[in-house]
Amino acid sequence: MTPADPTAAAHHRPPWLTLALIGVLGGALSGAFGVGGGILMVPLLITLGGMDQRRAAATSLVAIVPASIAGSATYLANGRGDLLVALVVAVGGVTGSYLGARLLRRIPLTWLRWMFVTLLVVVAARMLLVAPARGDEVELGWLVGVGLVAAGLFMGVASGLFGIGGGVVLVPILIAVFGAGDLVAKGTSLLVMVPTAMMGTVTNVRGRLVDLRVGATVGLAATVASFGGVALAFVIPTRISGVLFALLLIFSAVQLSIRALRSNR
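Residue numbers for the sequence shown follow our numbering, so the first one is 385 and each next one is one higher.
Below, the structure is given as structure tokens:
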């Protein structure tokens, strides 16, 4: 039986309580930090759900769609999130995701992966040293618009190449480069993830990589938990928020390093 056989996952579905726990953890992370939650859900679906890397990534993307919608709507309802900025970034993000998926088949990833790990560590160091502001908005102009499209391209390529959530890249870029407040950056990041996750999910469904029942179960729990995550984001002081996000970046770098070492073997 091939890994892409949709019946394979049906015979090995983990208990729904396990799936709900994975969704709760991923959704809380998504709401609190403006990331998709896949950075936590993918390894949990592999270790607790018994999925392979490819199917776990595809299934987590299904769960990210409703969680991102709920989280971004909550940020917007509280005046934190920029719909126009999100649309501009999404133009680059969708294109970059496609390019990343194409490059994945054509180039050796080892040196690119280590360069990306280095970038994550550098950004984490900056988040530890410089506390983000809370209420600043991105001031749009032609130059800023071009920069936002470029940021979306970079985010999309990184997501397509390394399977890492776009929010891990986009949130610190919006804060450090474009001067957005931490809550605005998180809300905008979740808005960007809605169309990108939808497009990725459609592609994965066509490729018969998704267990929709598992994705729906994880997604329902993630959606409920995302509201609590957003509430937590508004309560956490900016200094602590920056430190926690830096730790999330370091966790991402460690995950990518482990994958790089395994691929070298």
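Positions of the beta carbon are idealized from the N, C-alpha and C atoms, including for glycine.
P450 lies in the alpha helix (DSSP H); which residues open and close that run?
-> As a working note, residue 450 is residue 66 in the sequence shown. Here the alpha helix (DSSP H) through P450 covers 437-461.
Give me the Cα-Cα distance between V578 and L645, rounded to the nearest whole angstrom.
-> Translated into the one-based positions of the sequence shown, residue 578 becomes position 194. Translated into the one-based positions of the sequence shown, residue 645 becomes position 261. Between V578 and L645, the C-alpha separation is close to 32 Å.
Is any heavy atom in the ligand HEM found nearer than 7 Å to the beta carbon of A508?
-> By its list of ligands, the structure shown contains no ligand whatsoever, and the ligand HEM lies outside what it can speak to.
Contact under 8 Å by Cβ, L554 with V469 | Mapped onto the sequence shown, residue 554 falls at position 170. Mapped onto the sequence shown, residue 469 falls at position 85. No. Outside cutoff.
Under the rule that 16 or more other beta-carbon atoms within 10 Å means buried, what is A509, buried or exposed?
-> The residue you call residue 509 lines up with position 125 of the sequence shown. Its Cβ having fewer than 16 others within 10 Å, A509 is exposed.
Could you tell me the distance, in whole angstroms, from the CA atom of T458 to the CA atom of A581?
-> Along the sequence shown, one-based indexing puts residue 458 at 74. Along the sequence shown, one-based indexing puts residue 581 at 197. Roughly 18 Å between the two C-alpha positions.
Contact belief for G550 with G420 at Cβ below 8 Å, rounded distance in angstroms = Taking the sequence shown and counting its residues from 1, the one referred to as residue 550 is at position 166. Taking the sequence shown and counting its residues from 1, the one referred to as residue 420 is at position 36. Rounded, the Cβ-Cβ distance is 7 Å, consistent with contact.
Residue from V446, L604, G525, I448 with nearest C-alpha to W400 | Here residue 400 refers to the residue found at position 16 of the sequence shown. Closest by C-alpha distance to W400, out of V446, L604, G525, I448, is L604.
Under 8 Å between C-beta atoms, does A630 make it to chain D?
-> Protein chains in the displayed structure number just one, and chain D is not present.
Between which two residues does the alpha helix (DSSP H) containing L616 stretch?
-> Within the sequence shown, the letter at position 232 stands for residue 616. First-last of the alpha helix (DSSP H) with L616: 596-619.
Is DSSP giving G540 helix, strand or coil here?
-> Within the sequence shown, residue 540 is the residue found at index 156, counting from 1. It is helical.
Evaluate contact between the segment 412-419 and the segment 622-637, counting only Cβ atoms and requiring at least three cross-stretch pairs below 8 Å.
-> yes
Anyone know if the C-beta pair for S543 and S641 falls short of 8 Å?
-> Locating residue 543 in the sequence shown gives position 159, counting from the first residue. Locating residue 641 in the sequence shown gives position 257, counting from the first residue. Not a contact, by the Cβ cut-off of 8 Å.
Could you tell me if L403 is buried or exposed, where buried requires 16 or more neighbouring beta carbons within 10 angstroms of its beta carbon?
-> Numbered from its first residue, the sequence shown carries residue 403 at position 19. Buried is the call here.
Between which two residues does the alpha helix (DSSP H) harbouring L401 extend?
-> Walking along the sequence shown from the start, residue 401 turns up at place 17. Per DSSP, L401 belongs to the alpha helix (DSSP H) from 400-417.
P450 versus V528: straight-line alpha-carbon distance, rounded = Taking the sequence shown and counting its residues from 1, one reaches residue 450 at position 66. Taking the sequence shown and counting its residues from 1, one reaches residue 528 at position 144. Roughly 29 Å separates the two Cα atoms.
In whole angstroms, what separates the C-alpha of V589 from that of F562?
-> Within the sequence shown, residue 589 is the residue found at index 205, counting from 1. Within the sequence shown, residue 562 is the residue found at index 178, counting from 1. If you take the alpha carbons of V589 and F562, they lie about 35 Å apart.
Figure out for me which residue from P556, I430, L503, L558 has the closest Cα to the Cα of T443.
-> To locate residue 443, count along the sequence shown from 1; it is residue 59. Of the candidates P556, I430, L503, L558, the one whose C-alpha sits nearest the C-alpha of T443 is I430.
Which of helix, strand or coil does DSSP assign to D466?
-> In the sequence shown, residue 466 corresponds to position 82, counting from 1. Reduced to three states, the DSSP call for D466 is coil.
Name the two residues that bound the continuous alpha helix (DSSP H) containing A569.
-> As a working note, residue 569 is residue 185 in the sequence shown. It spans 566-590 - the alpha helix (DSSP H) in which A569 sits, taken as one unbroken run.
Other residues of its chain near A534: CB distance less than 7 Å, five sequence neighbours each side excluded = As a position in the sequence shown, residue 534 is number 150, starting the count at 1. Same-chain partners within the cutoff: G476.
L640, DSSP secondary structure in three states | Translated into positions along the sequence shown, residue 640 becomes position 256. Note: L640 maps to helix in three-state DSSP.
Of the choices V473, G571, S456, L537, whose alpha-carbon is the least far from that of D520?
-> Position 136 of the sequence shown, counting from 1, holds the residue named residue 520. Nearest C-alpha to D520: G571.
Thinking C-alpha only, which one of V514, L537, V602 is nearest A560?
-> As a position in the sequence shown, residue 560 is number 176, starting the count at 1. Per the Cα distances, V514.
Is the beta carbon of A569 sitting closer than 8 Å to the one on G410?
-> What you label residue 569 is simply residue 185 of the sequence shown in a count that begins at 1. What you label residue 410 is simply residue 26 of the sequence shown in a count that begins at 1. No. Outside cutoff.
Is it right to say T391 is buried, meaning 16 or more other beta carbons lie within 10 angstroms of its own, or is it exposed?
-> The sequence position of residue 391 within the sequence shown is 7, counting from 1. A caution first: T391 carries a pLDDT of 43, below 50, which makes its placement in the model unreliable, though a value can still be read off. So T391 ends up on the exposed side.
Nearest-angstrom Cα distance between L424 and V522?
-> As a first step, residue 424 must be located in the sequence shown, where it is residue number 40. As a first step, residue 522 must be located in the sequence shown, where it is residue number 138. Approximately 29 Å between the Cα atoms of the pair.
Closest residue to V472 among L633, L537, A564 (Cα-Cα distance) | Numbered from its first residue, the sequence shown carries residue 472 at position 88. Checked all of L633, L537, A564; the closest Cα to V472 is L537.
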